[in-house]
Amino acid sequence: MPSDLIEKLRLELRRGSLILAVLAELDVEHYGYTLRKSLAELGLEIDEGTLYPLLRRLESQGLLTSEWREEDKRQKRFYRLSPEGGKVLEQLLHEWRTLNAALDKIV
Amino acid sequence: MAGLIDQYLLQLKTYLPAKQREDIAAELGDSILSSVGERERELGRKLVDDELVALLKGFGHPLHVAGRYLPKQYLIGPGVFPLYWYALQAVVIVAAVIAAILGAIALLTDPRPMQSFAGLLWDAWWVALNAAAVVTLVFAVIDYQGIRLRLFEDYDPRKHEGGILSLRAAPLSPIPRSDTIFEIATVAILFAWWVGWIDFVNMTGVGVAVQFTEAIEPFYWPVLVLCVADAARLGVDLVYAYRTLPRTILRLIFSIAWLVLIVLLFRTDGLIEAVPGSFPDPSRFDAVTMMERVFRVTLFVLGAVTAATIGADLVRIVRR
């Protein structure tokens, strides 16, 4: 099996899961850097090139809110789950658990 | 150190959309500085230039990073791409088949065959390239404008049942698209020759110009109309590449019409004459007779092929 194919399939598998993880983690306010660190500590590595555009996309979809604030003498953009994002997260989690349970039976 | 980061962010900004430029650069700049700070804490010292360069490389080329913030764009999306790809192939194949047939004619008849063949290849390449560009443009517009294609929208498996002359009557058998493309190319060449786009007078190969006599006139419009109508019918076959009873009957009618014309042409005497003043050497006058014979042999072959097609279609209709 060619490694680039495995990498492609791995990315496809991760894509949806990353959205779920980011939404869930932003139940608590984070700025990009701390969010990435926090996800990495929980075992989910995500590079900046993926995370920041994803945050913007989720914000433009109304699932996140953001604001610029100063911290450690630097301006940082803080993200948090919006009320709409909370509802979406709930539905996605339900879907995720259903899928997970089905997959557990299949594999 | 800050110089390198500023330079990186400046390059990034040049690739970003104006509205988001400052915002994205500021956020990414903070992320870079956070990473630098963390790395420096790990090392217990300031980063040297090479280490900073490695860190920035880890973030990616500014063009690549900026690309991730842009909306995903494509010229022709997955919705119409299969049809586009098929149309593109068909156009290129038709151009190639026409070039191949004209090339064969050039090789056989032109006094300077290689030169003529090379010129033809060059023309065929340009025709194919331009046709491909037009097809791409048309499909890009279809995709960009979100134009709904009836081909996809109206699809209903139940409609494969019957209907006089319906395109969607029950399929009898598939039609190989290569056959259809070959037929389209043949009709296109016949059409081009018939209307004079291909110069018949210079095709004797012995330096004597010949032309059709007035005896051809009664056939002019029937052949022209049949060419156009048959090309339209073949175009349908290209899109809906399966035989149906109504379409097989339609092809039978066309084949019979062609056969009638071929037989009438075959029975007509004196179809070809020398162009006045083009044969100073009387010994070459036989070229007219030779071309008449070639024309008759061609008609005979065409007639035989058409008769075979009629027979095959009759068998299909009887066996359906």
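Chains as they are written, first to last, in our numbering: chain U, 1 to 107; chain R, 1001 to 1320. Beta carbons: idealized from backbone N, C-alpha and C, even for Gly.
Using a C-beta to C-beta distance shorter than 7 Å, which residues of chain U count as neighbours of residue i?
i          : result
Glu1027(R) : Gly32, Tyr52 and Arg77
Phe1182(R) : In chain order: nothing, as chain U lies at least about 38 Å away.
What does residue i touch in chain R if you count any residue whose Cβ is under 8 Å from its own?
i        : result
Arg74(U) : Asp1030 and Leu1033
In the DSSP assignment, what are the bridge partners of residue i?
i          : result
Arg1400(R) : No information on residue 1400(R) is available, as it lies outside the stretch 1001 to 1320 that chain R covers here.
Lys76(U)   : Arg69(U)
Ala1192(R) : BP columns for Ala1192(R) are empty, so no partner.
Ile59(U)   : The displayed chain sequence assigns Glu, not Ile, to residue 59(U). In the DSSP output, where bridge partners are listed per residue, Glu59(U) has none listed.
Gln1211(R) : Glu1273(R)
Arg1243(R) : Ser1173(R)
Leu1302(R) : Partner(s): none; Leu1302(R) has no beta bridge.
His1064(R) : In the DSSP output, where bridge partners are listed per residue, His1064(R) has none listed.
Leu64(U)   : Leu81(U)
Trp31(U)   : A small correction: the amino acid at residue 31(U) is Tyr; Trp does not occupy that position in the sequence shown. Paired residues: Phe78(U).
Which residue from the options puts its Cα closest to that of residue i?
i          : options                                           : result
Leu20(U)   : Leu92(U), Lys105(U), Thr98(U) and Asp104(U)       : Leu92(U)
Ala24(U)   : Asp47(U), Lys8(U), Thr50(U) and Lys87(U)          : Lys87(U)
Val1065(R) : Gly49(U), Ser17(U), Arg57(U) and Arg74(U)         : Gly49(U)
Leu44(U)   : Val22(U), Gln61(U) and Leu54(U)                   : Val22(U)
Thr1289(R) : Leu1012(R), Ala1133(R), Ala1274(R) and Gly1058(R) : Ala1274(R)
Pro53(U)   : Arg1041(R), Gly1067(R), Ile1198(R) and Cys1227(R) : Gly1067(R)
Arg56(U)   : Thr1180(R), Val1053(R), Leu1043(R) and Leu1070(R) : Leu1070(R)
Phe1081(R) : Thr1136(R), Gly1037(R) and Arg1267(R)             : Thr1136(R)
Arg1251(R) : Pro1113(R), Asp1230(R), Leu1238(R) and Thr1268(R) : Asp1230(R)
Asp1023(R) : Ile106(U), Trp96(U), Trp68(U) and Asn100(U)       : Trp68(U)
Thr1298(R) : Tyr1086(R), Asp1269(R), Ile1262(R) and Ala1312(R) : Ile1262(R)
Val1053(R) : Asp1006(R), Pro1111(R) and Glu1183(R)             : Asp1006(R)
Val28(U)   : Leu9(U), Glu12(U), Arg10(U) and Ser66(U)          : Ser66(U)
Gln1211(R) : Val1091(R), Gly1003(R) and Gly1196(R)             : Gly1196(R)
Ser1035(R) : Arg1021(R), Lys1057(R), Leu1129(R) and Glu1217(R) : Lys1057(R)
Near residue i, which residues of its chain fall below 6 Å by C-beta distance, leaving aside the five closest residues on each side in sequence?
i          : result
Leu1167(R) : With a pLDDT of only 45 at Leu1167(R), under 50, the local geometry of the prediction cannot be trusted, and no value is derived from it.
Ser1255(R) : Thr1306, Thr1309 and Ile1310
Ile1076(R) : Tyr1084, Phe1139, Ala1140 and Asp1143
Ser1031(R) : none
Val1223(R) : Trp1194
Glu41(U)   : none
Thr1268(R) : Ala1215
Ignore the nearest five residues each way along the sequence and tell me which others in residue i's own chain have a CB closer than 8 Å to its CB.
i          : result
Leu26(U)   : Leu35, Leu64, Tyr79, Arg80, Leu81 and Gly85
Arg1039(R) : Leu1047, Glu1051 and Leu1055
Gly62(U)   : Ser82, Glu84 and Gly85
Leu1088(R) : Ala1132, Val1135 and Thr1136
Glu59(U)   : Thr65, Ser66 and Tyr79
Pro1176(R) : Ala1241
What residues of chain U sit near residue i, judged by a beta carbon separation below 9 Å?
i          : result
Gly1060(R) : Asp47, Glu48 and Gly49
Would you please state the rounded distance, in angstroms, between the beta carbons of residue i and residue j? I believe it to be under 8 Å.
i          : j          : result
Lys76(U)   : Tyr31(U)   : 4 Å
Arg1319(R) : Thr1248(R) : That belief does not hold up - the Cβ atoms of Arg1319(R) and Thr1248(R) are roughly 11 Å apart, past 8 Å.
Val1187(R) : Cys1227(R) : 5 Å
Ala1095(R) : Ala1131(R) : 6 Å
Glu1292(R) : Leu1271(R) : 7 Å
Arg1243(R) : Ser1173(R) : 5 Å
Ile1181(R) : Ile1101(R) : Contact doesn't hold; Cβ gap of about 12 Å is too wide.
Ile46(U)   : Leu18(U)   : 6 Å
Leu1314(R) : Ala1090(R) : Contact doesn't hold; Cβ gap of about 29 Å is too wide.
Ile1189(R) : Leu1234(R) : Not quite, the Cβ-Cβ distance comes to about 13 Å (not below 8 Å), so this is no contact.
Could you list which residues in chain R have their beta carbon closer than 7 Å to that of residue i, in chain order?
i        : result
Arg80(U) : Within chain R, no residue comes near Arg80(U); the closest Cβ sits about 15 Å away, beyond 7 Å.
Arg56(U) : Tyr1069
Any heavy atom of the ligand GTP closer than 7 Å to the beta-carbon of residue i?
i        : result
Trp96(U) : Absence of the ligand GTP from the depicted structure is noted, as is the absence of any ligand whatsoever, leaving it without description.
Here's a check: name, in chain order, each residue in its chain whose Cβ is nearer than 7 Å to the Cβ of residue i, leaving out the five neighbours to either side.
i          : result
Pro1062(R) : Tyr1008, Gln1011, Leu1012 and Tyr1015
Trp1258(R) : Leu1226 and Thr1306
Val107(U)  : none
Leu1302(R) : Ile1262
Beta-carbon of residue i versus every beta-carbon of chain C: anything under 8 Å?
i          : result
Val1065(R) : Of the chains in the structure shown, none is chain C; the protein chains are U and R.
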